[in-house]
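Below is one structure, written out as structure tokens; comments come after it.
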Amino acid sequence: MPTGYHDSFYWILLAIAILGLWDFIYHFIADPKKGYALREHDLHFQTGLIFRKHISQPILRIQHIEIKRGPIERKAGLATLQVFSAGGAHHTFYIPGLEHETAIKLRSFILDHTDLTLDE
1 MPTGYHDSFY
11 WILLAIAILG
21 LWDFIYHFIA
31 DPKKGYALRE
41 HDLHFQTGLI
51 FRKHISQPIL
61 RIQHIEIKRG
71 PIERKAGLAT
81 LQVFSAGGAH
91 HTFYIPGLEH
101 ETAIKLRSFI
111 LDHTDLTLDE
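Counting from 1, one number per residue, gives the positions in the sequence shown under UniProt numbering.
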């Protein structure tokens, strides 16, 4: 076998290891900076380490909410809350890493929310 293949193989392994380490370090630093706030009239979510992204979705514009749990999330007792807005086929945003009970409470609160301005 030519030695060129062996050299390429080791460079590829090194590149994969460096990218994996970079991804681990990035998520170790960036994941604690994710946050959400459920306020009276909207659901707010922020994410990002270098480029911050803030999303505020009025509760009355939320059309559908899903709780997703993969095998690792089920084992850890976690869930991901996906929020779909009216007029969009894709989810507006998702909140990962919630405790399953918290995700259920958030979902039921949003689904049971009524327009408070109708009483005025």
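Backbone N, C-alpha and C define an ideal beta-carbon position, used for all residues, glycine too.
- Remark: C-beta atoms of Ile29 and Leu49 approach each other more closely than 9 Å.
- Listed in chain order, the beta strand (DSSP E) runs fully inside the UniProt domain "YdbS-like PH" (35 to 110) are 35 to 38, 42 to 47, 53 to 58, 62 to 68, 78 to 85, 93 to 99, counting runs of at least 3 residues.
- Looking at Glu99, Ser85, Tyr5, Tyr36, the one whose alpha-carbon comes closest to that of Ile72 is Glu99.
- Shown here, His6 sits in a helix according to DSSP, grouped into three states.
- For His113, the secondary structure class from DSSP, reduced to helix, strand or coil, is coil.
- Under the three-pair Cβ rule at 8 Å, the region 15 to 26 does not count as touching the region 34 to 46.
- For Gly70 and Lys53, the gap between their C-alpha atoms comes out near 25 Å.
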